[in-house]
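As you go down the protein sequences, you meet chains A and B in turn.
Per this note's numbering, the first sequence starts with residue 21, numbered consecutively.
Per this note's numbering, the second sequence starts with residue 127, numbered consecutively.
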Amino acid sequence: MAEQHGLSKALKLDPEGVAAAVERGQKPLGPLPKGTTSISSPAHIFNPARFERDE
Amino acid sequence: MTDLAYLSVADGAQLLRAKKLSPVEWTKALLDRIAAIDEHYNAFLVVTADKALAQAKAAEAEIVKGQWRGPMHGVPYAAKDIFDIEGMATTCHSKIRKDHRAASDAFVVKKLRDAGAVLLGKVALHEFATGGPAFDLPWPPARNPWNRDLHPGGSSSGSGAALAAGMAPAALGTDTGGSVRNPATCCGIIGMKPTYGAVSLNGVFPLTYSLDHVGPMTRTVEDNAIFFHAIAGHDPRDPTTANRATPDCLTDLKAGLKGVRIGVVEHFYKEDAEADPAQVRAIEQAVATLQKLGAQVKTIRLSPLALWTDCNRTIHQAEAYAIHETDVQERPEDFSALTRNRLLPGAFVSSAKYIRAQQLRGALCREFADAMHDLDAVVTLSSLLLPCRIDDLAAVAKTYDQQCRLVFNVTGTPAISVPTGHTASGVPLAMQIAGRAFDEPMVYRVAQAFCAATGFADKRPPIKIVERAVA
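Shown next as structure tokens:
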């Protein structure tokens, strides 16, 4: 898996560190609060107006 | 005679304006102190002595002519080496960025330049504002002035050390999961993470786009409010900054706590995680002090600390990895082991997990806003544990999530770390005071009342100046 992510060098350098990283990265999130579902809006909503500049 | 090492911004500004102190005298005194003691604390990566003296002389000339620019005019400060300063390297304390040169100033550096502040130099951090106190980098880690063997906190470690050791009265830090408030806690000073969007991130090397905050670090609450005013404000080049006036944090700073409603989030440190008894005793006494000062205090509940931690860490891992992916893949040996281990999990966070973390963030933000509906501020611990030994890497790694600071990076709301006392061996203890979005004035007001009543922030570490032999 590490190699698929382009981490061959890191794996060679520190195999234990990479193994721990896989575990940490894939650890599931805790239970979501009531009312939060897979279709809840994320915290940040894209707002194209914020990219407009007065230049 | 004024102790220039520990002179506050507020007092210094008054003396400067009244022409009873020269910016050159103050700057020279601090440069001398840095030269005398910083070899023990490693706070500074670069001391810009010549430029500092030139800026101090320019400030002096203007003040003498009656052209006083404001409370930061002629006041020395230090910048975490993650802020761009034109012509200088922004190393981020990393071998990878050693040869970088910034083309222009970060927005906040420019604001401070325009305010007439004097840059003393750039200070140490945890590599790329993550990692930890690493010994496998081109520069040594900053040391805690209260005890060199203890972790000074991070990632704004040099900022905390420079302030506690009396080498600067103000320093810039950044905070993604507590990196201003952690060194403030460990070094016994004041560290504020303002509202997300209150201070520009332009020209600041990112760690986690949606959790990063620039924060002022000082030794007094009033200084912190002054420094905040100097750096806050809309930046047209940073779409994350809010286009609104910076709230006035000074007018009601000393208004006291009568009738102020404060919630205590005690389940974080009494149920959700095991905290050091000294930290718990200190915050319990602090809450009693707030009540004595007239605050209406009640216990409140939020989601468990572990859920806030999951949310912050998932977003942090994914966004930080997006920034460093190429270097982690191609030159992993050039990162410190601590930093590499902090960045690598991001490679394995799925897009679905990241989006769920952002959904969770929305829910947690709403939960906090609801909890604040009938409150003016909340208090909780900053660190659950005491600072560990700086060379105990396992203990350092354990401290990352043994804290309540990252909660307020998730909400983006203001939170400040203030000292709540010291252990018998002199290790600083601290709590956080947090508030509603853009209500920095209330957070500062509570912090000021508490610090004025207790005096914990006035205690100084045992710095020994070793006279250097003159050739």
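Don't be surprised by glycine CBs; every beta carbon is placed ideally from N, CA and C.
If you're wondering where the values come from, they're calculated on a predicted model, not measured in any experiment.
- As the crow flies, the alpha-carbon of His450/B is around 8 Å from that of Leu469/B.
- With its beta carbon less than 8 Å from one in chain B, Pro53/A belongs to the interface.
- Beta-bridge partners of Ile316/B (DSSP): Thr344/B.
- Here the alpha carbon of Phe353/B sits roughly 32 Å from the alpha carbon of Ala448/B.
- Per DSSP, reduced to three states, the secondary structure at Thr302/B is coil, with no helix or strand assignment.
- Secondary-structure assignment with DSSP links Thr506/B through a beta bridge to Gln558/B.
- At a cut-off of 8 Å, the C-beta of Pro35/A has no neighbouring C-beta in chain B.
- Using beta-carbon distances, Ala521/B does not count as an interface residue toward chain A, since no partner is under 8 Å.
- Counting only the Cα atoms, Ala229/B lies some 42 Å from Met498/B.
- Of all residues in the segment 328 to 351 of chain B, those with a C-beta nearer than 9 Å to a C-beta of chain A are Ser336, reading in chain order.
- For Phe564/B against Pro373/B, the beta-carbon gap comes to about 6 Å, under 8 Å, which counts as contact.
- Fewer than three pairs of CB atoms, one per stretch, sit closer than 8 Å, so the segment 362 to 376 of chain B makes no contact with the segment 146 to 163 of chain B.
- One Cα belongs to Asn273/B, the other to Arg571/B, and the distance between them is close to 30 Å.
- The beta carbons of Ala268/B and Ala250/B sit about 4 Å from each other, so the pair counts as a contact at 8 Å.
- The contact set of Gly488/B on chain A, defined by CB atoms closer than 7 Å, consists of Ser60, Ser61, Pro62 and Ala63 in chain order.
- Any Cβ of chain A closer than 8 Å to the Cβ of Ile160/B would place that residue at the interface, and such an atom is absent.
- The beta-carbon separation of Gln528/B and Leu555/B, rounded to 14 Å, does not stay under the 8 Å limit for a contact.
- The C-beta distance from Ala205/B to Val244/B rounds to 11 Å, too long to meet the 8 Å contact threshold.
- Going by DSSP, His548/B is part of the beta strand (DSSP E) stretching over Ala541 to His548.
- Chain A has a Cβ within less than 8 Å of the Cβ of Thr440/B.
- With 16 or more other Cβ atoms inside 10 Å of its own Cβ, Asp436/B counts as buried.
- Around the beta-carbon of Phe576/B, 16 or more other beta-carbon atoms lie within 10 Å, marking it buried.
- Within the DSSP bridge table, the entry for Gly389/B names Lys424/B and Val504/B as partners.
- Taking 7 Å as the upper bound on Cβ-Cβ separation, chain A lies near residues Ser429, Ala432, Leu433, Asp436 and Thr440 of the segment 422 to 440 of chain B.
- For His64/A, the three-state secondary structure derived from DSSP is coil.
- Within the DSSP secondary-structure output, Leu276/B pairs in a beta bridge with Arg515/B.
- Phe261/B is classed as exposed because its beta carbon has fewer than 16 other beta carbons within 10 Å across all chains shown.
- Shown here for Val135/B: same chain residues with a beta carbon closer than 6 Å to its own, the five before and five after excluded, namely Val201, Pro295, Ala296, Asp349 and Ile352 in chain order.
- A distance of 8 Å or more separates the beta carbons of Ala444/B and Tyr395/B.
- Listed in chain order, the positions of the segment 462 to 487 of chain B with a beta carbon within less than 8 Å of a beta carbon of chain A are Ala463, Arg466, Asn467, Leu470, Pro471, Gly472, Ala473, Phe474, Val475, Ser476, Lys479, Ile481, Arg482, Ala483, Gln484, Gln485, Leu486 and Arg487.
- For the set Arg531/B, Glu188/B and Lys418/B, the Cα lying nearest the Cα of Arg439/B is the one of Arg531/B.
- Given a length threshold of 3 residues, each whole run of the beta strand (DSSP E) inside the segment 127 to 213 of chain B is given here in chain order: 170 to 173 and 202 to 206.
- If you draw a straight line from the Cα of His226/B to the Cα of Glu392/B, it comes to about 45 Å.
- Membership of Gly359/B in any beta strand (DSSP E) is not indicated, and neither H nor E is assigned to it by DSSP.
- Across the structure, Ala521/B and Gln574/B are spaced so that their CA atoms are roughly 33 Å apart.
- The beta carbon of Val454/B sits closer than 8 Å to some beta carbon of chain A.
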